[in-house]
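> According to numbering that gives the first Met the number 0, the stretch in the sequence shown is residues 0 to 164, in order.
All residues carry an ideal CB built from backbone N, CA and C; glycine is no exception.
These numbers were taken from a predicted model, which means no experiment stands behind them.
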Amino acid sequence: MIRIIICLLASFVAVSDGLRADDARDRGGDFETEFVYEAHVTIGDIVEVGETAKGIRRYIPITGGRFEGPRLKGTVLPGGADWQTERTDGGIELDALYSMRCDDGTVIIVRNQGIISPGGSYLKTTPTFTVPDGPHNWLDDFLYIGTVSGSEEPDTVVIRVFRVK
């Protein structure tokens, strides 16, 4: 009988701990972010690849641009691209790979993956960075989220990147 009571108490504690974890999940983790940079990225014409098993594929060449933030600034190098998959539900998956050169000469490789919801009401990205040892390798130590929007400049998108604290 005592064993049953102990097991029931242990189960109650486990369930109540799970409820507290669910409460924290409902709040979204209370993330804080810090602005890292804003990039004005110039793009070329869309290249339609066509229908695939995963959806309609296309890519948009990245032709250059500039970026600036509190700890780094420089140019977006030509030669990258944003590969997109338009899903059957109308959502679009983004997978951009490009490079940026900081004013101090450091080259940073950026992979920026994201999603556009069907109808376009939601567009968020999760950039990751490959950085050589040096003044900008702090980029390797955090998670990032980003936004992409249009620009008043022709053939340009604006990418804003934030570090998750």
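What's the C-alpha gap between THR124 and GLY73?
Working through the sequence shown from its first residue, we reach residue 124 at position 125. Working through the sequence shown from its first residue, we reach residue 73 at position 74. Those two C-alpha atoms are separated by around 21 Å.
> Pick out whichever of VAL160, GLY43 and GLY49 has its Cα sitting closest to the Cα of SER148.
As a first step, residue 148 must be located in the sequence shown, where it is residue number 149. Looking at the Cα atoms, VAL160 is the closest of the given residues.
> Can you check which of these residues, VAL157, GLY118, VAL46 and ALA38, is closest to ILE91 by C-alpha distance?
As a position in the sequence shown, residue 91 is number 92, starting the count at 1. Looking at the Cα atoms, GLY118 is the closest of the given residues.
> Decide if VAL175 is buried, meaning its Cβ has at least 16 other Cβ atoms within 10 Å, or exposed.
Beyond the ends of the chain as shown, which are 0 and 164, falls residue 175; an answer cannot be given.
> CA-CA distance, VAL106 and ARG56?
For the purposes of this step, residue 106 is taken as the residue at position 107 of the sequence shown. For the purposes of this step, residue 56 is taken as the residue at position 57 of the sequence shown. Going by the C-alpha atoms only, they are around 28 Å apart.
> Applying the criterion that 16 or more other CB atoms from any shown protein chain within 10 Å of the CB defines a buried residue, is THR190 buried or exposed?
Here the chain comprises residues numbered 0 to 164, so residue 190 is not present and cannot be evaluated.
> Nearest-angstrom Cα distance between GLY104 and THR87?
Looking up residue 104 in the sequence shown gives position 105. Looking up residue 87 in the sequence shown gives position 88. GLY104 and THR87: Cα-Cα distance of roughly 42 Å.
> Can you tell me which of the three DSSP states LEU122 falls into?
Taking the sequence shown and counting its residues from 1, one reaches residue 122 at position 123. If DSSP states are grouped into helix, strand and coil, LEU122 belongs with the strands.
> Return the bridge partner residues of TRP137 from the DSSP annotation.
Against the sequence shown, residue 137 aligns to sequence position 138. DSSP output for TRP137 lists no bridge partner at all.
> To the nearest angstrom, how far is the alpha carbon of ARG162 from that of TYR36?
Sequence index remark: in the sequence shown, residue 162 carries index 163 (1-based). Sequence index remark: in the sequence shown, residue 36 carries index 37 (1-based). Rounded to whole angstroms, ARG162 to TYR36 spans 10 Å at the Cα level.
> Determine whether the beta carbon atoms of ARG100 and LEU76 lie at a separation below 7 Å.
As a first step, residue 100 must be located in the sequence shown, where it is residue number 101. As a first step, residue 76 must be located in the sequence shown, where it is residue number 77. Yes, the pair counts as a contact, with Cβ atoms nearer than the cut-off.
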